[in-house]
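Engineer:
Numbering (full-length UniProt numbering), first residue to last: 1 to 141.
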């Protein structure tokens, strides 16, 4: 609603809503879940805002995580196998974070469909479930 303070995650900046605009009516005082609105925000550095940021109420912060489990597919031309401790970059929307591959949960050979639990390394052409530790806490569903 107009005048309400919002939190921009994962940046952590606070902003205030000074204008709400719906296509059906130009000037409204509040919006509800599911409404598509244009927001006018004040007190915010536009350089720090990017696609993928989340707006929430200041007291209802979204959960932040630093460790994620992901399913990856390794390219065929990989020369060096992937091992725990490998340095990677996490790309999400406009966010690029350094990360470390901390645990190999399982790997599946895509040609033979044989799954191996807790492998030592992941070779080319395999799919795998891995645990990744990010350098910062981020909003992730």
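In this text, a Cβ means the ideal position worked out from N, Cα and C, and glycines have one as well.
Keeping to the same chain, check which residues put their C-beta closer than 8 angstroms to that of residue 84; ignore five residues upstream and five downstream.
Structural biologist: For the purposes of this step, residue 84 is identified with residue 84 of the chain shown, where counting begins at 1. The answer, listed in chain order, is 101, 102, 103 and 104.
Engineer: With burial defined as no fewer than 16 other Cβ atoms inside 10 Å of the residue's Cβ, what is the status of residue 99: buried or exposed?
Structural biologist: Along the chain shown, one-based indexing puts residue 99 at 99. So residue 99 ends up on the buried side.
Engineer: Put residue 48 into one of helix, strand or coil per three-state DSSP.
Structural biologist: Numbered from 1 along the chain shown, position 48 holds the residue referred to as residue 48. Residue 48 falls in the helix class under three-state DSSP.
Engineer: Considering only DSSP beta bridges, list what residue 72 is partnered with.
Structural biologist: Position 72 of the chain shown holds residue 72. DSSP, once it has assigned bridges, lists 128 as partnering residue 72.
Engineer: Measuring CA to CA, which of 15, 141, 6 and 129 is closest to residue 92?
Structural biologist: The residue given as residue 92 occupies position 92 in the chain shown. Checked all of 15, 141, 6 and 129; the closest Cα to residue 92 is 141.
Engineer: Please determine, among 17, 86, 97 and 116, the residue with the shortest C-alpha to C-alpha distance to residue 40.
Structural biologist: To locate residue 40, count along the chain shown from 1; it is residue 40. Residue 17 is the option with its Cα nearest to residue 40.
Engineer: Strictly by DSSP, which residues pair up with residue 96?
Structural biologist: Reading the chain shown from its first residue, position 96 is the one you call residue 96. According to DSSP, which records beta bridges pairwise, residue 96 is partnered with 91.
Engineer: Based on DSSP bridge pairs, tell me the residues matched to residue 36.
Structural biologist: Working through the chain shown from its first residue, we reach residue 36 at position 36. None; residue 36 has no bridge partner.
Engineer: I believe residue 123 touches residue 110 by the beta-carbon criterion, under 8 angstroms. Please report the beta-carbon distance rounded to the nearest angstrom.
Structural biologist: Indexing the chain shown from 1 puts residue 123 at position 123. Indexing the chain shown from 1 puts residue 110 at position 110. Their Cβ separation, rounded to whole angstroms, is 11 angstroms, which puts residue 123 and residue 110 out of contact at 8 angstroms.
Engineer: Compute the Euclidean distance between the alpha carbons of residue 135 and residue 70, then round it to the nearest angstrom.
Structural biologist: Taking the first residue of the chain shown as position 1, residue 135 is located at position 135. Taking the first residue of the chain shown as position 1, residue 70 is located at position 70. Approximately 16 angstroms, taken between the alpha carbons.
Engineer: Express the C-alpha separation of residue 137 and residue 29 in angstroms, rounding to a whole number.
Structural biologist: Looking up residue 29 in the chain shown gives position 29. Looking up residue 137 in the chain shown gives position 137. Cα-Cα distance, rounded: 33 angstroms.
Engineer: Expressed to the nearest angstrom, what Euclidean distance is found between the alpha-carbon atoms of residue 97 and residue 67?
Structural biologist: Stepping through the chain shown from its first residue, residue 97 is reached at position 97. Stepping through the chain shown from its first residue, residue 67 is reached at position 67. Going from the Cα of residue 97 to the Cα of residue 67 covers about 12 angstroms.
Engineer: Who pairs with residue 9 in a beta bridge, going by DSSP?
Structural biologist: In the chain shown, residue 9 corresponds to position 9, counting from 1. Beta-bridge pairing links residue 9 to 54.
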